[in-house]
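Take a look at the structure below.
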Amino acid sequence: MLTPDLLLRFPGDTVPTQPDLLEAMAKRLQAAGAVDERFLPALLEREANYPTGLPTEGIGFAIPHADAGLALRSAMCVALLSEPVAFHRMDCPEEQVSVQVVVMLALANPDQQAQVLGSITRSFEDARFWRSLVESPLSHEDLVSRIKGRLMPEEA
Amino acid sequence: VTRKRVLVVCGTAGITSTVAEKEIMKAAASAGIDVQTIKLTPHEARLRANEADLIVSMTALQGDFGIPLINGISFVTGLGKAEIIKRIVDELKK
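Printed below as a string of structure tokens:
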């Protein structure tokens, strides 16, 4: 569900705009065969109508996604941003949050992925874990194993 | 015992509502409340609010639905989840 090609890291001097970030992430999911070309426009439309920035403390998260039917297989793409990108809030779209961890979800069947979904959302309570990853000098592969160990212990 | 119906609303009625639905069912079971959850989009929720006792929404909803509405974003962020669960259980006990 998460492989090294599905982790993106943006150091401080390469802060993307929100649309560029979402496009880069969707392209990785497409290259991995998890979604096809219908995914990105659906995701951008959804983010515009129902934004996915989360009002958390310590570090900001967003969980951009599209309709479950658009995923060919379940996968996630994670982006770690040294400098935040603004997302509108899911529960209060007129407000923005500063996001440094973006988890883009392509879920073929959310009910089957409920356990992973639950561990993703539960991990958001642990700002320290995600902050350590954003600031980490670890290799891509090591970061992916740390994230998988946290979110999908049975796959790691 | 009457079965309570909860509409669980998010933008695409799939991802965040799945997380919230599991938590609501677990909390209701612990409290001995018979509950049925229905995952819906905001538009569908408007059409079906008259069938339900409570709406828990992860997304912003405009206007009055005629039944109690609880912001469920805590199910996605974890912040304040215990309070939200208590509010939901209290509402379902009415």
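As you go down the protein sequences, you meet chains A and B in turn.
Take 13 as the starting number for the first sequence in my numbering and just add one per residue.
Take -13 as the starting number for the second sequence in my numbering and just add one per residue.
Using N, Cα and C, we set each Cβ at its ideal position, and we do this for glycine too.
Assign residue i to buried or exposed, taking buried as 16 or more other Cβ atoms, counted over all protein chains shown, within 10 Å of its Cβ.
i                : result
Thr68 (chain A)  : buried
Ser151 (chain A) : exposed
Gly65 (chain A)  : buried
Ser3 (chain B)   : buried
Might you give, ordered along the chain, the residues of its own chain that have their beta carbon closer than 6 Å to the beta carbon of residue i, omitting 5 neighbours on each side?
i                : result
Glu107 (chain A) : Arg101
Val27 (chain A)  : Glu95
Arg162 (chain A) : Ser135
Pro16 (chain A)  : His152, Glu153 and Val156
Does DSSP put residue i in a helix, a strand or coil?
i                  : result
Ile41 (chain B)    : strand
Gln124 (chain A)   : coil
Gln48 (chain B)    : coil
Phe136 (chain A)   : coil
Ile59 (chain B)    : coil
Thr2 (chain B)     : helix
Arg85 (chain A)    : coil
Ile159 (chain A)   : helix
Ile24 (chain B)    : strand
Gly64 (chain B)    : coil
Lys(-10) (chain B) : strand
Leu145 (chain A)   : helix
Leu66 (chain A)    : strand
Ala60 (chain A)    : helix
Ile116 (chain A)   : Note that residue 116 (chain A) corresponds to Met in the displayed sequence, not to Ile. If DSSP states are grouped into helix, strand and coil, Met116 (chain A) belongs with the strands.
According to DSSP, residue i sits in a beta bridge with which residue or residues?
i                : result
Ser110 (chain A) : A:Ala98
Would you grab the beta carbon distance between residue i and residue j for me? Rounded to a whole angstrom, and I think it's under 8 Å.
i               : j               : result
Leu56 (chain A) : Val47 (chain A) : At roughly 13 Å, the Cβ-Cβ gap does not stay under 8 Å, so Leu56 (chain A) and Val47 (chain A) are not in contact.
If I measure Cβ to Cβ from residue i and keep anything under 8 Å in the same chain, skipping five residues before and after, which residues do I get?
i                : result
Gly45 (chain A)  : Leu84 and Arg85
Ala31 (chain B)  : Leu(-7), Val(-5), Ile41, Ser43, Leu47 and Phe51
Ala120 (chain A) : Ala80, Ala83, Leu84, Arg85 and Ser86
Pro31 (chain A)  : Leu56
Met164 (chain A) : Met13, Leu14, Val128 and Ser131
Here's a check: name, in chain order, each residue in its chain whose Cβ is nearer than 7 Å to the Cβ of residue i, leaving out the five neighbours to either side.
i               : result
Ala78 (chain A) : Phe51, Ala54, Leu55 and Arg58
Asn28 (chain B) : It is Pro, not Asn, that sits at residue 28 (chain B) in the sequence shown. Within the same chain, Pro28 (chain B) has close Cβ partners Val(-5), Thr45 and Leu47.
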